[in-house]
Every structure is written in structure tokens, then in C-alpha cells.
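Below: the structure, in C-alpha cells.
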Amino acid sequence: MIYSGNAISVQTLSDGIAEFKFDLQGESVNKLNRATVQELKEATAAVKADASVKGLIVTSGKSTFIVGADITEFGDNFAQGEAGIEEWLGVLNSVFNGFEDLDIPKVAAINGIAFGGGFEVCLGCEYRVASTAAKVGLPEVKLGLFPGFGGTVRLPRVIGIDNALEWIATGAEKRPDVALKDGAIDAVVVPEKLNEAAIDLVKQALAGKLNWKARRQEKLVPVKLSPIEQMMAFSSAKGLILAKAGTNYPAPKLAIENLEQNVNLNRDEAVKIESKGFAKAAVTPQATALIGVFSADQVVKKMAKKWEKLSHPIKQAAVLGAGIMGGGIAYQAASKGTPIVMKDIRDEALALGMGEATKLLANQVEKGRLTPVKMGETLSRIRPTLNYGDFKEVDIVIEAVVELEKVKAAVLSEVETLVHDNTILASNTSTISITSLAKNLKRPENFVGMHFFNPVHMMPLVEVIRGEKSSDQAIATTVALAQKMGKVPVVVNDCPGFLVNRVLFPYFGAFDLLVKDGADFQQIDKVMEKFGWPMGPAYLIDVVGIDTGVHGADVMAAGFPDRMKPDYKGSIQVMYENKRLGQKNDKGFYVYVADKKGKKAKKVDPTTYELLAPVVTGEKREFDAQEIIDRMMVALCNEIVRCLEDKIVETPAEADMALIMGIGFPPFRGGAARYIDQTGVAAYVALCDKYAHLGKAYEAPQLLRDMAAANKSFYG
């Protein structure tokens, strides 16, 4: 044994070749935390001091290679400011450079995920061979950053400027075949042949069949590309990548500028440029928010794992109500391996549900993500039926019938008599109280809410709703099913609208009030889209369905009349009364016309302004963009705080992730709680006070006043 640590070991194999293995003890994955980096330094020194080592294969003792840096350590490092971050990276890069400078051939044997710092370790080797199960990439832009451990320096020298810009500025994960084509890896083999292939490459290098020294040298010197070719590469990248990234995500722009500065320098100088640029990105609010989103996502996953331990196994599921929603639920369960019965009372509804599932699967086949055989296997897991047949064998029933309490209550009462005593009943309702629906059930402890978002196959969030009598086991089993279906479950307590819709309706209320006060609905949409929402509120309600919105608003008004029951007729109600339902009938705030590809494109309709004229009581004017943002966001954020006050959701992390996954809250702003933190709690309370005259929805909740007085924030 040449070196033995808690994260890295180095031992001789044969013929002067040693195995440099990453295997972080006590963790399920390898990551580059402080301890691992220290061991990388020590192990490198041990190899350098051992003259018997002629070559290295770099391996992993986990199913992954190295998932990247330990993001939990970023907070302390980033708190030091730009100068402190540069200093930290300087120390870290001296370790990476020392490893790269070992005067022996090194081959990375990439068995699984090698992302970020993990792939930067691979780039420190002269050669890289990947298993067919591997994935590689530099996804740091997704955290508002770009590679900081030498990735922007080594990658363009290995695969060229064009490819490196695309890899780094998009943060794309690459399959082995794509990485091989781009030149980022040198060979792809089946998993069981990986180490053997890596050893063979080392032997070829030692035998002089491969010029490994030239390979290393090309990473130490400027990129070999003429100034004109460089200019063309960077100009093209800026146009394509920055247009896609937009102004709300500064990291891709900073990454491109960084590469532009470092490609004509030697490695040691180029790495200093990279560190300076990384530090600049690290202190942006976007990086703070996106790293926060990553951490919040980990919190949500940990909560789900805790619940999963209490769950019953689910071998057979059922969905009541076919149609688009039922078909979407059936598709999602079947595509992830869970057999599901789809029950309805009408043949045409079953045909619609099966049609939806078939369409979604056919789309996967068309894109090459699924074989026709696998499509057939998936469809065979969905059993459409007009009767209750084998419901005694079903472990969970998801009710997805029409959103009317009487209908849902009747269907649930009926099915409860036909299933076994431990079967979980779950209602896919977006507004109806789970506690209320449970009143007529004999086993209310087995009943929960399971709110999918539309379209089911695209939206990651599932709200699992606990009624007053829902048992922990029922919640746990539903959480486990949501995970098995590839969804992210967030457990919330019962209240009108649950979490996401309860928070969304004050946002729509703020929109209505702005229109009433004289704002142009198009200006509101443009301002909120520029702020970062995927669509503005008028466009969003058109997509949701104006009839759905009005129904939801009635439920919310009854539940929270002090702040969600307006004393005027708003613009959304006017659209509904004029039978403008949004995309459902191609007329809402906008009109929708099919484009050449058959997609619905929105267009402005002058009639909308005529219909809205009686609604407007204020002076028609162009509002200051910040006033629109403040009024829209205060109404929404205040409600998320009230949900935390009322214990509807347990943590700010779960609340923020639910908004990001459920309604497209801008990820680079981190969620509503993070947005309040970044505004500053005291400053946010002052903003509430400024708009408090508009109504209860704008008044600062007591929790925020207490936090401001104690100088506290949601994320500390």
C-alpha cells in the first residue's frame, strides 16, 4: 500500500502500475470535500516519492466516480468574499496541478457520474476511459457558477474552444458516446472491462505507443487556434448561448468571458484568471439562490426518505377517472414500473386515457428515448376497465374524477367498500379539503390527498396532503409511490388550496388589483416574465384555464375571506363571464391561433381591452416596473410566510421547492422565502408597510415582524 486514507488509497497492481482509488468512507458517493482534497495532496506526494510507480489508473470504489465538490462547504468559503474565494481556489488548484504534474501516465477509469470537480480530476489525467454507464460534465452554471478547479482551462485545450464553450456554458450532462465524439474521453467500454481497459492504456503509454507527455503538454500551454478562429468561436457562442441563458443568469456570460481571457495563457496563469472569474460569479445573488435551491432539494429528498421507511410496499395501483389527468397518472406509474388499473364509467373516457398514455410513449419512441418493445411493455402495465374487478388486490387507489366534492365523496365511499382494509385512498384534488372528504369514509386514517400538477408527465411536484385523520403510514406509502413514479413529494397539511394553490391565488389577486388600478395586463406579463417567471399572470391563467381559476378563487375566498375575497369584480371573473376560458377555447386574455407546427401561439386581442374597460377604476397608466414586481411578489410571498406560520408546510426549503417545481417560481431567485432573505427581512417588512393600504394580503405577517426585530432570516 502506497497510501491509505479515509477517502483515497493508492496500491500497486503490477508492472509498476498503481491504482489511485477514490472511496470516501461513511458516504454513499465520492465528493471533493476538504478532507478529500487534503488526501489528494498527500496521496499525490506519496506517489511522487515512490520511484516504483510508473503509471496510474484513477478509479472509484463507489457506483459513481466523483459527483463533484461538496456544496455544503461552499457557504463558509463564499462568505470570505471575492479575495477569500480566490485564495481558497489558489490552494485547491495547487493540489490539482500537482496531481496533473506527476511525471507518469495517468488514466481515469470513469465508472459512473463524474460531474464538476469530479470531471476536473479526470481532466488532470492524460487519458480518460468511460464505462457505458458513466455520465460526465461540468454543470456548475446550474448553480450560478462555472468550473473553478481548472475546468475552463483544461477542457478547451482537450476538446477545442467550440465544444468547451457548449459544455461549460450550458452545463449539459454528457453520455459517454457524446463525450467520446467530442474528444473528452478516449474510449468507452462495458463496465466489467473498465479497469482492464485503463490498465491497457497505461501499458501502451509506457511502451511508447501513446505519446502521453504530448497529451499533458497540450494542457499546459495556450490553445492552438488562430486569433481569427478564436474570434469566430467566441462570437458564435455568445450569440447562441447568451440568448438562451438570458440576463437573469450571469454565469454563462462570465464563463465565456473567462475562457476568452485564459485560452492564450499557460496553465498556471490561466488558472488564476479562472479563479478570479469564479469568485466574481460566486458572490452573485443568483449563485446564492441556485446553491440554495440545490440544498433545499436535498432537504426535500431527505424528508421523503424518512417517510419512505414507514411505507407499505405498492405492487398494484389504480386510478379512478380516465381522461387526460387519469391517463397521465397511469402513464407515469406504468412508465416507472408500477402496474395500474384505470377505471372509468365510460368507454370513451378510457379511450381518451389510453390515448394520452399511448401518445406520451409514442413521443418517447420518436425521440429515441424508448424502444417500441419497451413501449409495449409499459402499455401492458395499464389495464383499462369499466368495473371494479380485481380492486381487492390494489394497494393504493388514486381518485382523479371531476373536481366536485359530492362526486369525489361518492366515488371514494364506493371504492372503499371494494378494497382491502390496508388499501390507501388518495384524492388528486387541487382545492377540496381532505378532512372534509374523509368524513364519510369508514377508514379515514387510510385517506390522503395526492395532488398532481398538469401536465402530469412534465411537472415534478406532487403535494401529499395530510387530513386531520390521515395516518403516518398512509402519508408514507403515498410519498413512496410518488417517488416510485419519478415525482418529488412534499408533505403538506390540509387547508383550502393546500400549499401551492393557496400561494398562487393571492398572486392572481394582485394581478386583478393592478388591472383595476389602471395597469395594462400585457405590461404586467412582460414585467413578470423579465423578472424570471416562465409566463406572466394573464398568460398563466389562460394556460391553467380561466374556469379552473374562478373555481379555485371561490374556494380560496371562502377559506380566507379576509384577504382573498375581493369587494369588486376582477378581470379574471369578467373573462369567465364572457366565456373566455383561455387556451381551453382559444380565447382568454389573449387569443390562441395554431402556428405551422400546430402549437397554440398567443396573440393580442383588442376585444380584451373592451371587456376590461368597466373593471378599471384607476387611471390608465404605465406603471413603474418595480411597483408591479413589488405588488405581485408581496402578495405571493406573504402567503408562503402564513403557510409556514400555520404549519401547512414544515420548512422554508420545502415551501420554496414546491413553488419552483409547482408553478415555475424563478429558480435563480431561490423561492419565496429565499427572495425575502435576499431582499432583507426588515426591508421586505417595510415594503409590506408601503403597500398595506391595498389590503390584508399585503400586510406583513407577524412571523416576519418578529424575524425582522430579531435580525433573523429563513436560511440563516
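Going left to right, the sequence shown walks through residues 12 to 727 as the working numbering numbers them. All C-beta atoms, glycine included, are put in the ideal place defined by N, C-alpha and C.
- Below 8 angstroms, too few C-beta pairs join the segment 198-213 and the segment 232-247 to call them touching: fewer than three.
- Assigned with DSSP and collapsed to three states, Asn504 falls in strand.
- Every alpha helix (DSSP H) of 4 residues or more that sits fully in the segment 565-615 is shown, in chain order, as 572-575 and 582-588.
- A Cβ-Cβ distance of about 13 angstroms is found for the pair Ile443 and Val459, leaving them out of contact under the 8 angstroms criterion.
- Here the alpha carbon of Gly366 sits roughly 27 angstroms from the alpha carbon of Lys613.
- A residue is called buried once 16 or more other Cβ atoms fall within 10 Å of its Cβ, and Ala341 is buried on that count.
- Residues of the same chain with a CB within less than 6 angstroms of the CB of Gln375, apart from the 5 flanking positions on each side, are Leu381 in chain order.
- In the three-state DSSP reduction, Ala693 falls in the helix class (H, G or I).
- Of the other Cβ atoms in all chains shown, fewer than 16 fall within 10 Å of the Cβ of Arg45; this residue is therefore exposed.
- Val499 places its beta carbon less than 8 angstroms from that of Met672.
- With 16 or more other CB atoms across the displayed protein chains lying within 10 angstroms of its CB, Pro712 is buried.
- Annotated three-state conformation of Ile409 is strand, per DSSP.
- Boundaries of the alpha helix (DSSP H) around Val304: Pro296 to Glu319.
- Distance from the CA of Cys699 to the CA of Ala646, rounded to the nearest whole angstrom, comes to 9 angstroms.
- Three or more Cβ pairs closer than 8 angstroms define a contact, and the segment 643-661 meets that threshold against the segment 500-518.
- Residues of the same chain with a CB within less than 8 angstroms of the CB of Tyr702, apart from the 5 flanking positions on each side, are Asp641, Arg642, Val645 and Tyr709 in chain order.
- Comparing C-alpha distances from Leu217 to each of Glu97, Lys65, Gly101 and Met470 shows the shortest one belongs to Lys65.
- Look at Gly37 here: in three-state DSSP terms it is coil, with no helix or strand label.
- It is roughly 29 angstroms from the alpha-carbon of Val566 to the alpha-carbon of Ala315.
- Look at Ile196 here: in three-state DSSP terms it is coil, with no helix or strand label.
- If you keep only unbroken alpha helix (DSSP H) runs of at least 4 residues inside the segment 459-501, you get 483-495.
- Inter-residue distance for Glu456 and Tyr138 is about 58 angstroms (C-alpha atoms, whole angstroms).
- For Ser286, the uninterrupted alpha helix (DSSP H) segment begins and ends at Arg278 to Ala293.
- Boundaries of the alpha helix (DSSP H) harbouring Val418: Glu416 to Glu427, taken from the DSSP string.
- Remark: C-beta atoms of Met496 and Ala344 approach each other more closely than 8 angstroms.
- By the C-beta density criterion, Ala697 is exposed, having fewer than 16 other C-beta atoms within 10 angstroms.
- Residue pairing by DSSP puts Glu30 in a beta bridge opposite Gln22 and Ile68.
- Residue range Lys117 to Ile121 is occupied by the beta strand (DSSP E) that includes Lys117.
- In the DSSP assignment, Val169 falls within the alpha helix (DSSP H) that extends over Gly162 to Ile170.
- With contact defined as three or more Cβ pairs closer than 8 angstroms, the segment 281-293 and the segment 249-265 are in contact.
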